[in-house]
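Residue numbers (the working numbering), protein chains in the order written: chain A, 1 to 350; chain B, 1 to 125; chain C, 1 to 174.
Positions of the beta carbon are idealized from the N, C-alpha and C atoms, including for glycine.
Written out below as C-alpha cells is the structure these notes cover.
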Amino acid sequence: MKSNRLFRAAALLCAALTLCGALTGCAATYEERTAFAMGSVLTARLYAPKEDADLLFDRITEKVNAADACLSATDPSSEISAVNAKGSANASAFTRKTLGDMVMLCNMLNGTLDVTVGAVTQLWGFSTDHPRLPSEEELRAAQETVGLERLLIDDVNGTIVLGPGQKIDPGAFGKGVALDEARDALQSKAYSAVVSFGGSVLLFGTPKKGKSWTVGVRDPFSGPNDYFASLSLTPDKPDYTGFVATSGSYEKQFTEDGVVYHHILSPLTGYPVETDLVSVTVYATSGINSDALSTACFINGLNGETLRWLNSFGAEAVFVYQNKEYYVTDGLKDAFTLTDDSFTLKTYEE
Amino acid sequence: MKNKLKRFLRPADLIAAAAVLAAAGLLALLGGTDGATAEIIVGRQTVETVDLTAVREPYTIALDNGVTVAVEPGAISFCASGCPNQLCVRAGKLTKAGESAACLPNETLIRVTGRARNAPDALTG
Amino acid sequence: MMNEKRKKLTKLAVAAMLAAAALAMSFFETTLTAGLPLPPGVKPGFSNIAVLFACASLGLPSALSVAAVKAGFTLLTAGPTASLLSLCGGLLSVLAMYFLLQIKHRRLSYAGVSALSAVAHNLGQLAAASALVGSALYLSWLPVLLLSGVGFGLLTGVILNAVMPALAKLKLFR
Numbered sequence: 001m002k003s004n005r006l007f008r009a010a011a012l013l014c015a016a017l018t019l020c021g022a023l024t025g026c027a028a029t030y031e032e033r034t035a036f037a038m039g040s041v042l043t044a045r046l047y048a049p050k051e052d053a054d055l056l057f058d059r060i061t062e063k064v065n066a067a068d069a070c071l072s073a074t075d076p077s078s079e080i081s082a083v084n085a086k087g088s089a090n091a092s093a094f095t096r097k098t099l100g101d102m103v104m105l106c107n108m109l110n111g112t113l114d115v116t117v118g119a120v121t122q123l124w125g126f127s128t129d130h131p132r133l134p135s136e137e138e139l140r141a142a143q144e145t146v147g148l149e150r151l152l153i154d155d156v157n158g159t160i161v162l163g164p165g166q167k168i169d170p171g172a173f174g175k176g177v178a179l180d181e182a183r184d185a186l187q188s189k190a191y192s193a194v195v196s197f198g199g200s201v202l203l204f205g206t207p208k209k210g211k212s213w214t215v216g217v218r219d220p221f222s223g224p225n226d227y228f229a230s231l232s233l234t235p236d237k238p239d240y241t242g243f244v245a246t247s248g249s250y251e252k253q254f255t256e257d258g259v260v261y262h263h264i265l266s267p268l269t270g271y272p273v274e275t276d277l278v279s280v281t282v283y284a285t286s287g288i289n290s291d292a293l294s295t296a297c298f299i300n301g302l303n304g305e306t307l308r309w310l311n312s313f314g315a316e317a318v319f320v321y322q323n324k325e326y327y328v329t330d331g332l333k334d335a336f337t338l339t340d341d342s343f344t345l346k347t348y349e350e
Numbered sequence: 001m002k003n004k005l006k007r008f009l010r011p012a013d014l015i016a017a018a019a020v021l022a023a024a025g026l027l028a029l030l031g032g033t034d035g036a037t038a039e040i041i042v043g044r045q046t047v048e049t050v051d052l053t054a055v056r057e058p059y060t061i062a063l064d065n066g067v068t069v070a071v072e073p074g075a076i077s078f079c080a081s082g083c084p085n086q087l088c089v090r091a092g093k094l095t096k097a098g099e100s101a102a103c104l105p106n107e108t109l110i111r112v113t114g115r116a117r118n119a120p121d122a123l124t125g
Numbered sequence: 001m002m003n004e005k006r007k008k009l010t011k012l013a014v015a016a017m018l019a020a021a022a023l024a025m026s027f028f029e030t031t032l033t034a035g036l037p038l039p040p041g042v043k044p045g046f047s048n049i050a051v052l053f054a055c056a057s058l059g060l061p062s063a064l065s066v067a068a069v070k071a072g073f074t075l076l077t078a079g080p081t082a083s084l085l086s087l088c089g090g091l092l093s094v095l096a097m098y099f100l101l102q103i104k105h106r107r108l109s110y111a112g113v114s115a116l117s118a119v120a121h122n123l124g125q126l127a128a129a130s131a132l133v134g135s136a137l138y139l140s141w142l143p144v145l146l147l148s149g150v151g152f153g154l155l156t157g158v159i160l161n162a163v164m165p166a167l168a169k170l171k172l173f174r
C-alpha cells in the first residue's frame, strides 16, 4: 500500500519533469537577423529554417540597398543625388517609377508633402551632424525652388529634370519604399516575418495560425525601447502584408536660443510644423503609403481632411499629443491596447 | 519518529518537488525570457556575446571601430563612441530582454537577446 | 535528567559544531564542484544538512545563527556582495524549514523540507541579487534556480534522512 503511494508520487514527479522539458522545448522558432542600411538598423525576424532565413535576409538587404542606391539624398553616388547635383540626369526605371509614385502621393495629399523640398531640407541639415537654423533670406530663396509642377519625369528619354535650383528629398517616403522592396523579397517564400527598419515595420503573414502581431507604439516622452501602447495587427488579404510607420518630432531635433526645432518641415513655410502633436503612427497596406501618411498626418494634424485621407487609403492611425493625450481612428480601436495609464484618450468630434 | 526517519523519501516529498517543478515549468513558459545574454553586432557580424548573469564585476569591451561597450551585472550599455551625436551613449543601460541600442555612424548594435513576456513583435517610432 | 544550564550549554556547543560542519561542507563543496560546468548560482548546498539538523533538533535561534556564521564566513572568503546574498538566502531558507517543521502530522520527511527550503534559499538570493542590480533581469533565471533547488535539496535531505538514525544514536541531548 505504502509503496504504491510512493510509486504514484514518483510518477507525478516524472510528469512534472516531462512538462518542464516540453515547455522549454516549444519556444517559437524564428531566426533573427540584423544589418545596417540607409543609416538605420534593419532587423528581420523570420519564421523560417536557418538556411532560408539567411537567403531571405540576404535578398531583403540587397533590395533595400538597391533602393537606397537609387533614392538616397545623402549618398552622393545615388541616382537622386546625381539628379540633384546636375539638375537633370539619367535615372533607372525604378527611380523614375518610384519618384512618380511619390509625386502622385504628394498631389493626393494636397501639397502637405512635397518631394521637391530638397533645397529647404539641405539648409536645415537634419540628416547631417550639424543641423542649424537657416536665415529667413536663405529659406525664402530655397522655398522658391519648391514645386511639383517644375519637376519632369521623362520616361521617353529615361531622365529626370528639375526646375532651377530644385532638389529632390525623398525623406518622407524612403523607408517605406525600402520596406515595399523587402516585401517583394519575402513574397518569394511564404514564411511569416517581421521586418523593422528604423522605426518602420513590415508585417508579413501571421506569427502563428490565427494569431496576430503586436507592434509597440513608442512612448514619445521616454527612451527608444519604451512604448505606451501596442497594436495587435493581422495583415489581411490579398497579400497578407501590413506596414506601420511613425513620424515623431522627437526623432531629430536641435535647440537654438531656447527654441526646439524638429525635423518635420512644412512644405508651405519651410519651417518645422507648429503643432501640439508629438507623433503619428499609421497602419497601411503599403510601405510608401504608411510612411508618407504618417508625415502628412503629422503636418496636417487631426481634422476632417486628414481622416478622409486615411480613409481613402484604407489606413488607420494613432495620434499622440504633447499633453499625453492620444487619438485612435475607428478601425484601429479594437487592435489598440494602452499599456501606460498616464496617457489619456482625446475626445475628437468632426 | 525513529521509524519514519528510516525511509529516505516519502511520497509527500516527491509531491512537493513535483509542485515546485511544475511552477518552474510554468514560469519558463510564461516568462519565456532569455534575457540573460547580450549581443554586440558590428555590421552584420555578432562580434561578442556576453552572459549578463555571469558578470560579477563591471568591465568594458573596446571594439575595433573605436566604440566602447560597458558591461555590468545584468546590464549592457554604450559608454564611449567617436560619433558626433552620442545618441548611442544617451540610450543608457539595457537590462530587459529585447531591448537594443545602436550607434548608427559606427554600425554597431547592442541588444539583450530574447523576448520579455508580452513583449511586442516590433516597435514603431 | 539534566538541568537547564547544562542543556543550554550543550545546545550552544552543538550549534557551534554544526556551524563548523556547515563551513567545512561548503568548503568541501567548492572543491568538489570546481571542475564542473554548473550554471552561475547553482550549487549543491551540502551545508544545508547542518542547518536543517540545527533547525530540527536545536530550534530556530540556533539554525539562524548557523546561517549567520555561514554568511560571515562568505564575507571573509567571497566579499560583501556574496555575503549579503548568502545571508538573504540563508534567512529565508531557515524560516521555510522552521515553518515546515512546525506543521503537525507533517507528511514531508527531511528530504521534502530540505527541497523546499533550498528553493526558498535560491529565491532569497535571487531577490537580493535583483534588488542589488536594480533590475528584474535575474528573474529569467528563476526556473533554473527552482529546478536546481529542488534537485539538490532532495539530495541533501535524503542524506540527512540517511544519517539521522546514526545521529540519534549519539544521544547528544541526553
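(message) Please classify Gly112/C as buried or exposed, where buried requires at least 16 neighbouring CB atoms within 10 angstroms.
(response) buried
(request) With 9 Å as the threshold, decide whether the Cβ of Arg6/C is near any Cβ in chain B. (result) no
(message) From the DSSP secondary-structure annotation, give me the bridge partner or partners of Val200/A.
(response) Looking at the sequence provided, one finds Ser at residue 200/A rather than Val. Ser200/A pairs with Phe197/A.
(message) Is there a C-beta anywhere in chain A that falls below 9 Å from the one on Asp121/B?
(response) yes
(message) If the cut-off is 7 Å on Cβ atoms, which residues from the stretch 47-60 of chain B count as contacting chain C, listed in chain order?
(response) Leu52, Thr53, Ala54
(request) Figure out for me which residue from Val120/A, Ala91/A, Asn107/A, Pro131/A has the closest Cα to the Cα of Asn256/A. (result) For clarity, residue 256/A is Glu in the given sequence; the question names Asn instead. Nearest of Val120/A, Ala91/A, Asn107/A, Pro131/A to Glu256/A, Cα basis: Pro131/A.
(request) Run down chain C in chain order and give the residues with a C-beta less than 8 Å from the C-beta of Arg10/B. (result) Annotation: Cβ neighbours of Arg10/B in chain C (cutoff 8 Å, chain order): Arg107, Leu108, Ser109, Ala111, Gly112.
(message) One question on the structure: do Gly287/A and Gly199/A come within less than 9 Å of each other, judged by their Cβ atoms?
(response) no
(message) Looking at Thr214/A: is its Cβ nearer than 9 Å to the Cβ of Ser192/A?
(response) no
(message) Does any residue of chain B have a CB that is nearer than 9 Å to the CB of Ala71/C?
(response) no
(message) Do Leu203/A and Thr241/A have their beta-carbon atoms positioned less than 9 Å apart in this structure?
(response) yes
(message) Between Gly174/A, Ser72/A, Ala35/A, which has its C-alpha nearest Ala292/A's C-alpha?
(response) Gly174/A
(request) Name the one or two DSSP bridge partners that Tyr326/A has. (result) DSSP, once it has assigned bridges, lists Val320/A, Leu345/A as partnering Tyr326/A.
(message) For chain B, check one thing: does any of its Cβ atoms lie closer than 9 Å to the Cβ of Asn368/A?
(response) This structure gives no information on residue 368/A, because the portion of chain A shown stretches from 1 to 350.
(request) Give the DSSP-derived three-state secondary structure of Lys2/A in the structure shown. (result) At Lys2/A, the pLDDT of 49 sits below 50, so the modelled position is not reliable; the number obtained from the coordinates is stated separately. Helix, per DSSP.
(request) Along the beta strand (DSSP E) that carries Trp141/C, what are the first and last residues, could you check? (result) Counting along the chain, Trp141/C falls outside any beta strand (DSSP E), and DSSP gives it neither H nor E.
(message) To the nearest angstrom, how far is the alpha carbon of Ser230/A from that of Ala185/A?
(response) 27 Å
(request) List the residues of chain B that Val150/C touches, going by C-beta distances under 8 Å, in chain order. (result) Those are Ala17, Val20, Leu21, Ala24, listed as they occur along chain B.
(message) Can you tell me whether Ala44/A is helix, strand or coil according to DSSP?
(response) Three-state result, Ala44/A: strand.
(request) Provide the residue(s) that pair with Phe336/A in DSSP beta bridges, ordered along the chain. (result) Leu231/A
(request) Say whether the stretch 115-130 of chain A touches the stretch 311-329 of chain A, bearing in mind that this needs 3 or more beta-carbon pairs closer than 8 Å, one atom from each stretch. (result) no
(request) Find the residues of chain E that neighbour Pro170/A, judging by a C-beta separation of less than 7 Å, and give them in chain order. (result) Considering every chain present, this structure includes no chain E. Its protein chains are A, B and C.
(request) Taking a Cβ distance cut-off of 8 Å, strictly less, list which residues of the stretch 109-129 of chain A are near chain B, in chain order. (result) Asp129
(message) Just checking: is the beta-carbon of Ala70/B within a distance shorter than 9 Å of some beta-carbon in chain C?
(response) no
(request) Classify Asp180/A as helix, strand or coil using the three-state DSSP reduction. (result) helix
(message) So, at 6 Å on beta carbons, what are the nonlocal neighbours of Phe23/C in its own chain, with the 5 sequence-adjacent residues on each side left out?
(response) It should be noted that the sequence gives Leu, not Phe, for residue 23/C. Excluding sequence neighbours, Leu23/C sits near Phe73.
(message) Suppose the cutoff is 8 Å on Cβ atoms and the five residues either side in sequence are ignored; what does the same chain contact list for Asp34/B look like?
(response) Note on Asp34/B: pLDDT 48, under 50, position unreliable in the model; the coordinate value appears next. Correct list, in chain order: Ala97, Thr113, Gly114, Arg115.
(message) Let's see if you can read the secondary structure: which residues bound the beta strand (DSSP E) around Glu256/A?
(response) 253-256
(message) Distance check for Thr329/A and Asp58/A, CA to CA, integer angstroms please.
(response) Here the alpha carbons of Thr329/A and Asp58/A stand approximately 36 Å from one another.
(request) Determine, using beta carbons only, whether Gly157/C comes closer than 9 Å to chain B. (result) yes
(request) For Val201/A, I'd like the list of residues in its chain whose CB is within less than 6 Å of its CB, leaving aside the five on either flank, ordered along the chain. (result) Val215, Val244.
(request) Buried or exposed for Met104/A, please, with buried defined as at least 16 other CB atoms from any protein chain shown within 10 angstroms of its CB. (result) Exposed: under 16 other Cβ atoms inside 10 Å.
(message) With a threshold of 9 Å between beta-carbons, can Asn161/C be considered close to chain B, or not?
(response) By this cut-off, Asn161/C is an interface position.
(request) Kindly say whether Asp13/B, judged by its beta-carbon, lies nearer than 9 Å to any beta-carbon of chain C. (result) yes
(message) For Leu60/C, report the span of its beta strand (DSSP E) as first-last.
(response) Where Leu60/C is concerned, there is no enclosing beta strand (DSSP E), although the alpha helix (DSSP H) it sits in stretches over 60-78.
(message) Please report the distance separating the alpha-carbon of Ala12/B from that of Arg106/C.
(response) 9 Å
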